[in-house]
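What follows is a short report on a single structure.
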Amino acid sequence: METLVGIVAAATALIGAIAAVTHRNAVVGVLFLVLNLVSLAVFYVLLSAPFIAALQVILYAGAIMVLFLFIIMLLDLRREEERESGLLQKVLSVIGGGVFFLLLWGAATGGAAPAAAELPEHFGSVESIAVALFTTYLIPFETISVLLLVAMVGAVLLTRKGGR
Amino acid sequence: MITVLRFLWLIPLAPFAGAAIAGFSGRWIGRRGVGIIACGSVALSFVLSVVGVAALSGDLASLDALPGLAINLEARRVTLEVAEWISVGGPDGLVVSWSLMLDPLSAVLILVITGVGFLIHLYSVGYMAEEDRGYARYFAFLNLFTGMMLLLVLGASLPVLFVGWEGVGLCSYLLIGFYYTETWCADAGRKAFIVNRIGDAGFLLGALTLWLASGSLDLEPILDGVAASGPLREVALAGSLLLFTGAVGKSAQIPLSVWLPDAMAGPTPVSALIHAATMVTAGVYLVVRMGAVFVAAPLALAVVAGIGAATALYAATIACAQTDIKKVLAYSTISQLGYMFLGVGVGAFAAAIFHLITHAFFKAVLFLGAGSVIHALHGEQDMGRMGGLRDRMLITWVCMLAGGLALAGIVPFAGFWSKDAILWGALSGGHTFLWILGLAGAGLTAFYVFRLLFMIFHGKPRDEDLVRNAHESPYIMSGPLLVLGVLSLIGGIVGLPAIIYGGDWLGRWLDPVLAHAPAAAHEGVHSAGAEIGAMVLSLVIAGAGFMVALMAYVLRHVWAERLPRKLEPLSGWARAKYYVDEFYQRAILGPYLQLCHIFRQFDERAVDGLVNAVWRTADGVGHFARYLQTGFVRNYALFLLIGAALILYLVLP
Amino acid sequence: MSLVWMLTLSTALFTVGVLGVLLRRNAIVILMAVEIMLNAANLALIAFSRHLGSADGQILAFFVMTVAAAEAAVGLAIVLAIFRLRKSVNVDSLNRMKW
Numbered sequence: 001m002e003t004l005v006g007i008v009a010a011a012t013a014l015i016g017a018i019a020a021v022t023h024r025n026a027v028v029g030v031l032f033l034v035l036n037l038v039s040l041a042v043f044y045v046l047l048s049a050p051f052i053a054a055l056q057v058i059l060y061a062g063a064i065m066v067l068f069l070f071i072i073m074l075l076d077l078r079r080e081e082e083r084e085s086g087l088l089q090k091v092l093s094v095i096g097g098g099v100f101f102l103l104l105w106g107a108a109t110g111g112a113a114p115a116a117a118e119l120p121e122h123f124g125s126v127e128s129i130a131v132a133l134f135t136t137y138l139i140p141f142e143t144i145s146v147l148l149l150v151a152m153v154g155a156v157l158l159t160r161k162g163g164r
Numbered sequence: 165m166i167t168v169l170r171f172l173w174l175i176p177l178a179p180f181a182g183a184a185i186a187g188f189s190g191r192w193i194g195r196r197g198v199g200i201i202a203c204g205s206v207a208l209s210f211v212l213s214v215v216g217v218a219a220l221s222g223d224l225a226s227l228d229a230l231p232g233l234a235i236n237l238e239a240r241r242v243t244l245e246v247a248e249w250i251s252v253g254g255p256d257g258l259v260v261s262w263s264l265m266l267d268p269l270s271a272v273l274i275l276v277i278t279g280v281g282f283l284i285h286l287y288s289v290g291y292m293a294e295e296d297r298g299y300a301r302y303f304a305f306l307n308l309f310t311g312m313m314l315l316l317v318l319g320a321s322l323p324v325l326f327v328g329w330e331g332v333g334l335c336s337y338l339l340i341g342f343y344y345t346e347t348w349c350a351d352a353g354r355k356a357f358i359v360n361r362i363g364d365a366g367f368l369l370g371a372l373t374l375w376l377a378s379g380s381l382d383l384e385p386i387l388d389g390v391a392a393s394g395p396l397r398e399v400a401l402a403g404s405l406l407l408f409t410g411a412v413g414k415s416a417q418i419p420l421s422v423w424l425p426d427a428m429a430g431p432t433p434v435s436a437l438i439h440a441a442t443m444v445t446a447g448v449y450l451v452v453r454m455g456a457v458f459v460a461a462p463l464a465l466a467v468v469a470g471i472g473a474a475t476a477l478y479a480a481t482i483a484c485a486q487t488d489i490k491k492v493l494a495y496s497t498i499s500q501l502g503y504m505f506l507g508v509g510v511g512a513f514a515a516a517i518f519h520l521i522t523h524a525f526f527k528a529v530l531f532l533g534a535g536s537v538i539h540a541l542h543g544e545q546d547m548g549r550m551g552g553l554r555d556r557m558l559i560t561w562v563c564m565l566a567g568g569l570a571l572a573g574i575v576p577f578a579g580f581w582s583k584d585a586i587l588w589g590a591l592s593g594g595h596t597f598l599w600i601l602g603l604a605g606a607g608l609t610a611f612y613v614f615r616l617l618f619m620i621f622h623g624k625p626r627d628e629d630l631v632r633n634a635h636e637s638p639y640i641m642s643g644p645l646l647v648l649g650v651l652s653l654i655g656g657i658v659g660l661p662a663i664i665y666g667g668d669w670l671g672r673w674l675d676p677v678l679a680h681a682p683a684a685a686h687e688g689v690h691s692a693g694a695e696i697g698a699m700v701l702s703l704v705i706a707g708a709g710f711m712v713a714l715m716a717y718v719l720r721h722v723w724a725e726r727l728p729r730k731l732e733p734l735s736g737w738a739r740a741k742y743y744v745d746e747f748y749q750r751a752i753l754g755p756y757l758q759l760c761h762i763f764r765q766f767d768e769r770a771v772d773g774l775v776n777a778v779w780r781t782a783d784g785v786g787h788f789a790r791y792l793q794t795g796f797v798r799n800y801a802l803f804l805l806i807g808a809a810l811i812l813y814l815v816l817p
Numbered sequence: 818m819s820l821v822w823m824l825t826l827s828t829a830l831f832t833v834g835v836l837g838v839l840l841r842r843n844a845i846v847i848l849m850a851v852e853i854m855l856n857a858a859n860l861a862l863i864a865f866s867r868h869l870g871s872a873d874g875q876i877l878a879f880f881v882m883t884v885a886a887a888e889a890a891v892g893l894a895i896v897l898a899i900f901r902l903r904k905s906v907n908v909d910s911l912n913r914m915k916w
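The following block contains the structure:
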């Protein structure tokens with residue numbers, strides 16, 4: 001059962017990703033990206049990370065993708081003419097991408113992986129994540145909140161109309 | 165009275181202070197203030213010098229009790245250590261202090277410097293009255309010069325002496341180029357400085373040579389040590405010749421005489437003070453001061469005498485052919501300095517110093533008189549346009565006549581006694597050839613000095629418009645002229661030879677310093693009759709020179725008028741100053757400039773080329789590399805990917 | 818469902834993102850491709866976390882998501898500013914910064 005769900009999720013994730021970057025209509029592309037994100041959320045559940053899966057759906061697929069959609073609608077980009085890339089760029093990109101994939105894949109799968117460890121109790125539960133976040137990772141957590149604040153200020157500043 | 169010697173340092177300090185005040189606050193104290201400060205400081209220095217010399221002539225034995233003073237009773241030498249200057253290498257190392265030395269020799273010199281210097285300062289107040297911008301600058305430099313000159317003659321060690329030596333050179337440069345807005349004046353200053361530099365290099369090397377041999381830069385150990393055999397005696401020849409190089413440069417002797425005629429670009433009182441009375445005689449002072457070293461190397465003395473005699477004659481011939489009033493006097497100065505070196509070279513140190521003193525008097529009066537004439541004629545210096553000034557400028561005429569008679573060596577003027585003492589020194593020392601050269605120079609001297617006087621003061625004015633408005637100078641200028649004129653007349657008293665029942669005071673006064681001088685008249689003629697005879701002979705020759713000048717420029721005798729043409733090409737050469745400048749230009753400056761050109765080419769091609777090659781390489785590489793900067797962000801991303809792939813490939817096993 | 822398969826999927830997704838960045842001119846699509854790459858990395862992190870039995874990978878994935886949110890906000894703001902300036906979101910029209 002799990003294997004079947006996994007295969008389907010993997011397939012939809014891949015299809016979603018490819019369609020997201022290739023579709024000429026950005027709105028459709030965003031919807032495919034949502035498909036990809038949700039499929040990954042399924043994987044997270046399968047990989048004993050229910051909290052991250054929930055965040056993936058709520059935060060990523062919900063908030064961020066809505067932001068993308070909102071911008072696309074705002075700019076009315078559907079009629080944007082997409083000219084072809086330069087041939088050299090195209091060829092080199094495909095070759096580079098292929099080589100890169102092979103190298104990365106070789107690196108990820110080539111070595112002898114350590115044996116799978118036994119999962120502790122409540123692994124991936126909200127509680128255990130929260131404990132880790134507010135003890136071990138307290139300082140990075142606070143730092144990342146500052147990053148969000150800065151990003152927010154930056155975004156407001158960048159999109160302000162008129163004046164500097 | 166004796167304790168006044170502890171304040172020896174005040175003598176050079178007074179003019180230095182005057183220079184500082186006049187130089188830095190001349191704007192606020194006004195012209196009158198500058199004049200008072202400048203003259204006052206030198207006058208103060210003169211008074212102090214008189215008191216100091218009086219103390220020196222007193223009983224020195226009681227001085228031993230005073231701290232900081234070292235006494236050498238035998239040499240009548242008082243050394244005062246004012247402050248430490250250089251101290252390196254521990255107790256056995258090099259120690260140089262600011263120490264001053266007063267002995268009979270420097271005593272004579274400081275009296276001349278401050279005495280004549282004061283008169284010239286006074287004269288300058290009148291002479292420079294029309295100068296508006298450089299007034300304070302002029303007096304600051306003049307005071308600075310006086311201080312440096314005093315430091316030179318009072319310095320008790322070679323470095324201190326050298327500070328004064330360079331200081332007077334600097335002031336000379338500054339004052340020659342006083343009218344620096346005129347290019348040729350600034351050039352003359354530079355020429356003087358550069359030519360002097362050649363000599364100064366010799367001075368430094370000589371001082372270092374003596375230091376290497378004696379381990380001390382103080383004069384006393386060197387002068388005392390060279391008498392005994394030892395390392396110092398072995399380097400005496402090299403040391404003395406190197407020091408003499410410095411003297412040659414400073415005193416404008418062959419072959420470094422070219423700067424002095426150009427130095428006339430400065431104001432005339434400067435020529436009188438620096439380029440006649442004091443600075444140029446520093447070379448003579450140096451050789452006399454280091455006399456013991458020269459005596460230890462007879463060859464060096466012979467070189468000094470030879471160069472002196474040659475210069476005396478050479479410069480005298482040029483002076484006969486010049487028409488610029490100051491050029492005549494400049495060549496005359498070179499010639500007279502040659503006489504002094506001749507005196508030193510034949511061992512007649514006292515006679516050389518005697519001539520130095522009288523020369524300071526009569527050449528100062530000649531220069532100041534010339535300045536008075538130039539002043540009256542609004543800057544005209546060409547004798548060819550003068551004439552008939554006697555009635556209009558009586559005081560100047562009388563004073564210049566006194567100076568001229570002294571220079572020509574007419575009895576009983578000061579110059580006669582001193583020049584004769586030198587010539588007698590040469591004859592009695594057995595240097596007959598040098599004596600003949602000196603006699604010939606004396607004849608020429610008489611000729612050119614009377615030529616000068618006749619062309620300026622006698623006959624009809626050759627340029628009526630120029631001479632018509634000439635008038636006597638104000639008293640502040642004629643006063644010093646009169647004083648120096650009287651001194652030119654009676655100055656010989658200090659050194660009247662015993663043969664005519666004189667006291668030879670100067671000779672006896674200098675005896676403690678010149679104890680090392682070779683015993684006079686060890687060979688050659690030395691009898692009372694010979695001495696009188698030599699005097700008469702030199703008088704006759706001077707008279708002959710006078711007669712020729714009289715015939716040529718007053719009586720306008722046909723024979724004398726034709727004389728220059730008969731003496732071609734000699735007279736042409738003399739008029740052209742023997743083409744020495746041109747020779748240096750071609751023989752030294754030309755090749756030097758060629759060398760400079762080659763080095764410049766090397767610098768521009770090789771050194772600059774290397775540097776340029778570096779930037780050209782960087783520029784070329786950048787020229788092609790910049791095309792990587794396409795401006796397309798996706799290209800950059802591609803490069804990033806390729807880079808990442810490469811890193812993965814290299815890092816992963 | 819072994820680790821190897823997870824990593825293969827992650828690598829594949831990452832490469833898709835890379836190609837999206839390299840081949841598309843639409844700035845918004847490029848940002849979407851970047852999101853795909855971030856998610857590929859997240860997948861690898863969580864797979865390792867599961868395999869090693871350590872929660873650290875999940876925490877890291879959490880941080881990555883936060884950074885992704887910040888990146889999307891700022892990136893889209895820049896796109897908006899560019900659009901106002903150029904009336905276009907074609908990144909090839911932004912090629913002034915060159916030699």
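Chains as they are written, first to last, in the working numbering: chain A, 1 to 164; chain B, 165 to 817; chain C, 818 to 916.
For every residue, glycine included, the Cβ atom is placed at its ideal position computed from N, Cα and C.
Using the DSSP secondary-structure output, state which residues sit across from A234 (chain B) in a beta bridge.
-> B:T243
Three or more C-beta pairs below 8 Å linking the region 109-128 of chain A and the region 853-862 of chain C | no
CA-CA distance, T105 (chain B) and G353 (chain B)?
-> There is simply no residue 105 (chain B) to check, as chain B begins at 165 and stops at 817 in what is shown.
DSSP three-state call for W581 (chain B): helix, strand or coil?
-> helix
Top-ranked residue by Cα proximity to A540 (chain B), from B:I250, B:P733 and B:H635 = B:H635
Inter-residue spacing [alpha-carbon to alpha-carbon] between A441 (chain B) and V211 (chain B) | 19 Å
Nearest-angstrom Cα separation, counted from F611 (chain B) out to F518 (chain B) | Roughly 23 Å separates the two Cα atoms.
Enumerate in chain order the residues of its own chain whose CB-to-CB distance from R739 (chain B) is below 7 Å, with the five nearest sequence positions on each side excluded.
-> Within the same chain, and ignoring the five residues on either side of R739 (chain B) in sequence, the residues whose Cβ sits closer than 7 Å to its Cβ are A485.
Give the DSSP bridge partners of N907 (chain C), in chain order.
-> C:N843
If we call anything under 8 Å between Cβ atoms a contact, is T278 (chain B) one with V206 (chain B)?
-> yes
Does the Cβ-Cβ distance between I498 (chain B) and A474 (chain B) come in under 8 Å?
-> no
Taking 8 Å as the CB-CB cut-off, is R903 (chain C) touching chain B?
-> no
Per DSSP, what kind of secondary structure is V452 (chain B) in: helix, strand or coil?
-> helix
Would you mind telling me which residues of chain B sit closer than 9 Å to N912 (chain C), beta carbon to beta carbon, in chain order?
-> T794, G795, F796 and V797
Is the shortest distance between the beta-carbon of L839 (chain C) and the beta-carbons of chain B less than 8 Å?
-> yes
Within this structure, are the beta carbons of R397 (chain B) and L269 (chain B) separated by less than 8 Å?
-> No; because the gap between Cβ atoms is not below 8 Å, this pair is not in contact.
Where I144 (chain A) falls: helix, strand or coil (DSSP) = helix
Residue environment, E687 (chain B), which counts as buried when at least 16 other CB atoms sit within 10 Å | At E687 (chain B) the pLDDT is 44, less than 50, meaning the model places this residue with poor confidence; the figure from the coordinates comes in the next sentence. With fewer than 16 other Cβ atoms inside 10 Å of its own Cβ, E687 (chain B) counts as exposed.
Does the distance from the CB of V332 (chain B) to the CB of L420 (chain B) come in under 8 Å?
-> The answer is no: Cβ separation not under 8 Å.
Determine the chain A residues that contact A872 (chain C) at a beta-carbon separation under 8 Å, and present them in chain order.
-> F123, G124, S128, I129 and A132
Residues of its chain near A585 (chain B), where Cβ-Cβ distance is below 6 Å and the 5 sequence neighbours each way are ignored | Within the same chain, A585 (chain B) has close Cβ partners A515 and F518.
Three-state class that DSSP yields for L678 (chain B) in the structure shown | coil
Could you please give me the residues that DSSP links to D382 (chain B) through a beta bridge?
-> B:S321
Cβ neighbour criterion (16 or more within 10 Å) applied to F408 (chain B) = buried
Whose C-alpha, out of C:T832, C:L840 and C:A890, is nearest the C-alpha of V91 (chain A)?
-> C:L840
Exposed or buried, R901 (chain C), counting other C-beta atoms within 10 Å across all chains shown (16 or more means buried)?
-> exposed
Where D251 (chain B) sits in the DSSP three-state scheme = According to the sequence displayed, residue 251 (chain B) carries Ser and not Asp. S251 (chain B): strand per DSSP, three-state reduction.
Residue of A:L158, A:G154 and A:L148 minimising C-alpha distance to T883 (chain C) = A:L148
In whole angstroms, what separates the C-alpha of E2 (chain A) from that of L897 (chain C)?
-> Straight-line Cα distance between these residues: approximately 43 Å.
Cβ-based burial, G693 (chain B) [other Cβ within 10 Å; buried from 16] = exposed
Whole-angstrom distance between G589 (chain B) and A685 (chain B), CA atom to CA atom | Unreliable placement is indicated for A685 (chain B), whose pLDDT of 41 sits below 50; no coordinate value is reported for it.
Name the chain A residues that come within less than 8 Å of V891 (chain C), Cβ to Cβ?
-> A151, G154, A155 and L158
What three-state label does DSSP hand G688 (chain B) in the structure shown?
-> Low confidence applies to G688 (chain B): its pLDDT is 47, below 50, so where it sits in the model is not reliable, and the reading given next is rough at best. Coil at G688 (chain B), not helix or strand.
Note down, in chain order, all residues in the region 86-102 of chain A with a beta-carbon under 9 Å from any beta-carbon belonging to chain B.
-> G86, Q89, L92, S93, G96, G97, V99 and F100
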